[in-house]
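Inspection log for the structure reproduced underneath, given as structure tokens.
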Amino acid sequence: MFLLDRLLREETRRIVLGHVNYGFRGKESDKDQVLVEETAKKFRLETEILNLGKAGLLTRTMGASRSFPSGFENDARKIRYAWLTDLCRRVGAKELAVAHHADDQVETILMRFLEGAGIAGLKGIPRVSEGGIVRPIFDVWQEDIVEYLKKHKIPYRIDRSNRDTRAERNWIRHILVPLLVKRYGKSVKRRIFALGERFRELDDYLDAEARAWIRRNVKKEASSAPILRIPRKGFRGIPAILRVKILQRICFDRLGLAPNERLLRGMDKTIGGGGPSARRKLGKGWELANRYGEARFVHTVSASAPTAQVLHVKAVMNATISRAKRLAAKGNAELFDASAVAFPVILRPLRAGDRVRPFGMETEKRVKEILIDRKVPRDERRGRPVVCDADGRILWIPGVVRSAHAPVTPATRKAVLLRMLLPGRRKLVPENRSEK
Numbered sequence: 005m006f007l008l009d010r011l012l013r014e015e016t017r018r019i020v021l022g023h024v025n026y027g028f029r030g031k032e033s034d035k036d037q038v039l040v041e042e043t044a045k046k047f048r049l050e051t052e053i054l055n056l057g058k059a060g061l062l063t064r065t066m067g068a069s070r071s072f073p074s075g076f077e078n079d080a081r082k083i084r085y086a087w088l089t090d091l092c093r094r095v096g097a098k099e100l101a102v103a104h105h106a107d108d109q110v111e112t113i114l115m116r117f118l119e120g121a122g123i124a125g126l127k128g129i130p131r132v133s134e135g136g137i138v139r140p141i142f143d144v145w146q147e148d149i150v151e152y153l154k155k156h157k158i159p160y161r162i163d164r165s166n167r168d169t170r171a172e173r174n175w176i177r178h179i180l181v182p183l184l185v186k187r188y189g190k191s192v193k194r195r196i197f198a199l200g201e202r203f204r205e206l207d208d209y210l211d212a213e214a215r216a217w218i219r220r221n222v223k224k225e226a227s228s229a230p231i232l233r234i235p236r237k238g239f240r241g242i243p244a245i246l247r248v249k250i251l252q253r254i255c256f257d258r259l260g261l262a263p264n265e266r267l268l269r270g271m272d273k274t275i276g277g278g279g280p281s282a283r284r285k286l287g288k289g290w291e292l293a294n295r296y297g298e299a300r301f302v303h304t305v306s307a308s309a310p311t312a313q314v315l316h317v318k319a320v321m322n323a324t325i326s327r328a329k330r331l332a333a334k335g336n337a338e339l340f341d342a343s344a345v346a347f348p349v350i351l352r353p354l355r356a357g358d359r360v361r362p363f364g365m366e367t368e369k370r371v372k373e374i375l376i377d378r379k380v381p382r383d384e385r386r387g388r389p390v391v392c393d394a395d396g397r398i399l400w401i402p403g404v405v406r407s408a409h410a411p412v413t414p415a416t417r418k419a420v421l422l423r424m425l426l427p428g429r430r431k432l433v434p435e436n437r438s439e440k
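Whatever position you read off the sequence shown (first residue = 1), add 4 for the working numbering.
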């Protein structure tokens, strides 16, 4: 009622009143609605009312006790804002004015502090929110609002559910805040309010710095699974307060997550101090995984899907060996002396205890050690494709190592070209009918 009075005195724009009657307080809820209707009629204002009690949408969940159920305030808020936002769309409103005041901000900051929130939470309620939500009486204290209403004989109503101290906000409003005021004086509320404003300024600055860092350093990997990569060394070199904000922005903007302060700190610890294969689950299928010098945000549902791979075997005659060498040099392919290879060659997963003599070395080495030396992440080792000949010798581990067996030399008359392909990348058909 105070907000409406101010808008009528200061605004010349069209005003539409929106009211939600939850029906939880029976006749009291109906009297709230009557006050809104009478006020709208007095000032000739358009009015839209959603009567949930009459529709029975919420009454069915209340039961015979007619007491306020657990989570009522949060559920009611979701319904209210969804309906009011839709109302704005239907009437063509650019702004939705709500009556949050200074005491609401103090209560919110205290709630967030007790929940262990970070800077983003301690800034409290924003003066302007997404969707055109504005708070014109944000700087006015509740006692001043009540005094003004009484002085100007403006009718208003009190919702008795606001006195139920089982709700956290009501406990803070009726018990904690009065204790603080009694101990530190009325100015304690103004100091808490001012603290929220400082946190807002700090959060805005950190947000801008975090977005700039992300633009410069976060890369999206070109693969079938969504993967974001950040450099661990560069990340560790910035202040902790900014690191947390960067992680928060990545979660909000790129991953669709809303992490709490504890998870953000855990993510920061994983990236900064975790091992080369450390990982942490983030929720909704996302996982943070270290990869030696970088950290990756991987959607595990997508990443866990098997990637089909095909081994393409092609005979290469002496006249085209030079061209085949150039093809092999481009990657995903290797060339072997066909006379030293026992056919057929097979493709199988990597097994525990596998050994190979890498090209250029005189002795065999455990494949696990080679993978560690090449900094292949632990979760990418198991099941990795291995190419063997008919005698079981490992010829090639694509992307990792080529064995010293069957090298192509000037004496080679016939070679075999092995290529690892993804289906759809290239047609797996012979270039002419004589090839097999």
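Glycine included, C-beta positions come from ideal geometry on N, C-alpha and C.
8 Å contact criterion, which residue i and residue j should meet: CB distance rounded
i	j	result
residue 123	residue 6	Residue 123 to residue 6, Cβ: 31 Å. No contact.
residue 246	residue 213	6 Å
residue 111	residue 181	7 Å
residue 161	residue 36	5 Å
residue 295	residue 381	5 Å
Helix, strand or coil at residue i according to DSSP, with G and I counted as helix
i	result
residue 301	strand
residue 425	strand
residue 51	strand
residue 66	At residue 66 the pLDDT is 46, less than 50, meaning the model places this residue with poor confidence; the figure from the coordinates comes in the next sentence. Helix.
residue 358	coil
residue 365	coil
residue 338	strand
residue 98	coil
residue 164	helix
residue 309	Here residue 309 scores only 43 on pLDDT, less than 50, and its place in the model is too uncertain to base an answer on.
residue 115	helix
residue 405	strand
residue 436	For residue 436, the predicted structure reports a pLDDT of 39, less than 50, and the residue's modelled location is therefore unreliable. A value from the coordinates is still provided. Residue 436: coil per DSSP, three-state reduction.
residue 190	coil
residue 157	coil
Residue i vs residue j beta-carbon contact at 8 Å
i	j	result
residue 197	residue 106	yes
residue 261	residue 287	yes
residue 361	residue 375	no
residue 102	residue 53	no
residue 422	residue 388	no
residue 320	residue 419	yes
residue 338	residue 344	no
residue 412	residue 400	no
Selection from the options that minimises the alpha carbon distance to residue i
i	options	result
residue 95	22, 397, 399	22
residue 407	371, 394, 415, 377	371
residue 302	231, 254, 340	231
residue 223	299, 237, 174	299
residue 126	42, 115, 133	115
residue 398	285, 416, 350	350
residue 282	248, 50, 273	273
residue 266	257, 280, 284, 279	284
residue 176	293, 55, 108	108
Bridge-paired residues (DSSP) for residue i
i	result
residue 294	299
residue 353	389
residue 150	Partner(s): none; residue 150 has no beta bridge.
residue 133	137
residue 231	302
residue 316	423
residue 23	53
residue 287	290
residue 321	418
residue 398	392
residue 370	359
residue 4	Residue coverage of the chain in this structure runs from 5 to 440, which leaves residue 4 outside it and unanswerable.
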